[in-house]
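See structure below.
Numbering (full-length UniProt numbering), first residue to last: 1 to 630.
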């Protein structure tokens with residue numbers, strides 16, 4: 001079937017479509033129907049089925065005779081180590097940890113926080129929780145103590161599983177002192193903590209509370225898989241909230257695994273025995289969907305990567321791992337490719353490796369600017385698939401479904417909606433806008449399986465955050481437009497659409513123009529307050545490695561490009577060159593914080609920032625331009 005036929009099949013009979021998709025999952029008790037809408041707009045999927053996510057990710061592959069296939073391959077250019085774990089070994093390790101958790105009283109419905117670096121044990125901890133019906137909540141390893149404490153108080157875990165440390169290029173990040181401080185600050189206290197001791201740093205255990213990873217498991221009976229209801233929470237994943245209080249996105253078990261199984265085959269073109277790599281972290285949704293559950297449910301080999309796109313040790317590390325592991329589909333963030341492009345603009349490192357097995361690269365997490373996509377297409381000579389989704393949805397909203405049909409690529413667009421997602425572009429009053437008109441992107445309810453049904457213990461906040469603005473729709477918080485062919489373009493977060501003298505302009509469109517300059521490796525545009533025009537665009541430019549031209553010349557050329565490509569209406573006159581842009585650990589540029597600094601407003605250090613020192617550099621650059629004005 002072609003894409004349009006698959007999408008039409010979903011539209012004509014969504015119930016039959018998702019019940020058929022559910023046939024790819026092993027059920028203890030099959031659901032009687034797909035959609036449960038009695039409590040609309042709080043929808044549920046496959047609620048009366050019984051299922052276990054760990055069984056579908058691990059045990060069923062062993063039962064099918066694939067126990068000797070590599071399930072997880074750990075690649076750590078920081079420790080210079082490579083380690084493979086088969087499905088049979090993974091089953092033994094996960095069952096052992098799950099049995100030890102069970103012996104300490106962790107049962108179905110209990111919460112367990114996981115605070116780990118990118119090691120296979122982090123995946124094992126997630127699967128061990130799923131095995132016994134516990135609800136895991138992964139917190140990015142190295143998060144500040146106060147942020148971890150907030151999450152402890154919100155989900156009230158019975159246990160915390162942590163590592164002694166994480167590793168960054170040139171330094172060791174001590175996790176245990178952060179964990180101890182977080183527990184001290186939190187009102188809720190976990191009953192016990194399991195500490196995975198790494199060779200690089202051995203943590204001191206607190207007697208009566210802390211137990212070691214290996215000693216904890218010794219002599220315990222391995223646990224079998226516990227069937228859970230389809231609407232049983234698989235995990236809670238916290239995402240930043242506008243109020244400063246993180247939002248606990250809930251993922252129900254059945255819809256989660258059905259959607260991921262469908263996406264692995266139909267979007268990423270991954271089958272049993274294939275090799276898939278998502279270069280992300282278990283602290284983010286990508287780590288849940290496409291490092292842990294998605295590839296393993298599909299019976300594929302998944303890469304667990306502890307490193308950076310550059311500096312561990314060079315800009316060719318991605319291509320070396322793709323070559324050595326014969327990766328078929330590779331998933332990363334545009335910001336990673338931009339970092340590589342800046343260090344290796346001619347693609348010299350790419351030429352050193354044989355990438356014969358690579359069929360496609362998928363980009364998500366931040367808008368994929370055309371210049372970066374075109375650079376990757378030129379040097380890698382495979383489809384570079386921008387696709388768009390969110391922590392809340394758990395799997396792609398819009399993509400090029402190469403497992404069904406590789407559609408023509410339009411640079412700048414993540415292509416077309418996936419089954420389950422009916423997308424509308426609305427104005428502020430909720431009226432649908434015509435094609436090629438910028439507006440708020442909303443998804444008609446119900447959302448498909450695998451998406452968030454609510455926020456953890458905060459249904460009112462869920463309604464206010466996502467459902468209140470456009471009744472009958474889920475408000476994505478993103479702005480964009482749909483073209484005449486039905487392709488979606490994500491141009492900015494809704495908050496990043498700026499108003500210049502009454503004209504609503506997309507910062508994403510401006511960044512696209514700046515990124516097209518030959519010397520610009522990466523850029524960001526924000527709107528700063530202006531007494532006359534309301535807002536004015538201001539650009540930050542990161543230059544390609546080796547560029548030694550005067551900055552004033554490059555800025556003048558960028559101003560001219562903006563006038564040529566967008567027109568005088570953009571009123572683009574302000575720009576500066578900076579070494580780095582402030583980002584979250586997942587690669588998102590912190591534009592809202594930059595705006596507050598420029599406008600002289602009070603701001604809080606974002607919990608997810610990768611390097612706080614960069615904001616000091618941004619402040620210096622803004623002062624040189626005369627901001628803030630007060």
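Don't be surprised by glycine CBs; every beta carbon is placed ideally from N, CA and C.
Looking at 171, 497, 503 and 432, the one whose alpha-carbon comes closest to that of residue 470 is 432. In the three-state reduction of the DSSP assignment, residue 484 falls in the coil class, being assigned neither a helical nor a strand state. Taking residue 550 as reference, the option from 567, 168, 519 and 613 with the minimal CA-CA separation is 519. In this structure, residue 581 and residue 511 do not form a Cβ contact; the two beta carbons are roughly 11 Å apart against a cut-off of 8 Å. Taking C-beta atoms as the reference points, residue 453 and residue 252 count as a pair closer than 8 Å. Runs of beta strand (DSSP E) with 3 or more residues, each lying fully within the segment 454-484, are found at 473-482, listed in chain order.
Here residue 338 has 372, 521 and 522 as same chain residues with Cβ atoms under 7 Å from its own Cβ, once five neighbours each way along the sequence are excluded. Taking C-beta atoms as the reference points, residue 537 and residue 490 fail to come closer than 8 Å. For residue 451, the three-state secondary structure derived from DSSP is coil. According to the DSSP assignment, residue 535 belongs to the beta strand (DSSP E) that extends over 534-543. Three or more beta-carbon pairs drawn from the segment 245-261 and the segment 381-401 are found closer than 8 Å, and the two stretches are therefore classed as touching.
Taken through DSSP and simplified to helix, strand or coil, residue 360 comes out as strand. About 14 Å separates the Cβ atoms of residue 404 and residue 383, ruling out a contact at the 8 Å cut-off. For residue 61, DSSP records no beta bridge to any residue. Between the alpha carbons of residue 102 and residue 23 lies a distance of about 30 Å. Within the model, the alpha-carbon separation for residue 284 versus residue 117 is close to 12 Å.
By the Cβ criterion, the segment 437-451 is in contact with the segment 38-57, since at least three pairs of Cβ atoms, one from each stretch, lie closer than 8 Å. In the three-state reduction of the DSSP assignment, residue 393 falls in the coil class. Comparing C-alpha distances from residue 29 to each of 21, 36 and 46 shows the shortest one belongs to 46. In this chain, the beta strand (DSSP E) harbouring residue 73 covers 70-76. The beta carbon of residue 174 sits closer than 8 Å to those of 164, 165, 201 and 203, all from its chain and outside the five residues before and after it, given in chain order.
Cβ-Cβ distances below 7 Å link residue 26 to 55, 56 and 60 in the same chain, with the five nearest sequence neighbours on each side left out; the list follows chain order.
In this structure residue 167 does not touch residue 125 by the C-beta definition: roughly 18 Å separates them, more than the 8 Å allowed. Within the DSSP secondary-structure output, residue 424 pairs in a beta bridge with 442.
Setting aside the 5 residues that flank it on each side, residue 598 is surrounded in the same chain by 526, 528, 538, 622, 627 and 628, each with a C-beta closer than 7 Å to its C-beta; the list follows chain order. DSSP places residue 324 inside the alpha helix (DSSP H), whose first and last residues are 317-325. Of 226, 358, 381 and 235, the smallest CA-CA separation from residue 276 is found for 358. Around the beta carbon of residue 356, fewer than 16 other beta carbons sit within 10 angstroms, so the residue counts as exposed. Residue 249 is not a Cβ neighbour of residue 108, given a cutoff of 8 Å. In the three-state reduction of the DSSP assignment, residue 123 falls in the helix class, which pools H, G and I.
Using a Cβ distance threshold of 8 Å, residue 215 and residue 158 do not count as a contacting pair. Of the residues assessed, residue 146 falls on the exposed side of the cut-off, its CB having fewer than 16 other CB atoms within 10 angstroms. Beta bridge pairing from DSSP links residue 161 with 114 and 194. Exclusion of the five residues before and after residue 15 leaves 33, 34 and 35 as the residues of its chain whose Cβ lies within less than 7 Å of its Cβ.
Between residue 481 and residue 437, the CB-CB gap stays under 8 Å. Residue 534 has its alpha-carbon roughly 30 Å from the corresponding atom of residue 607.
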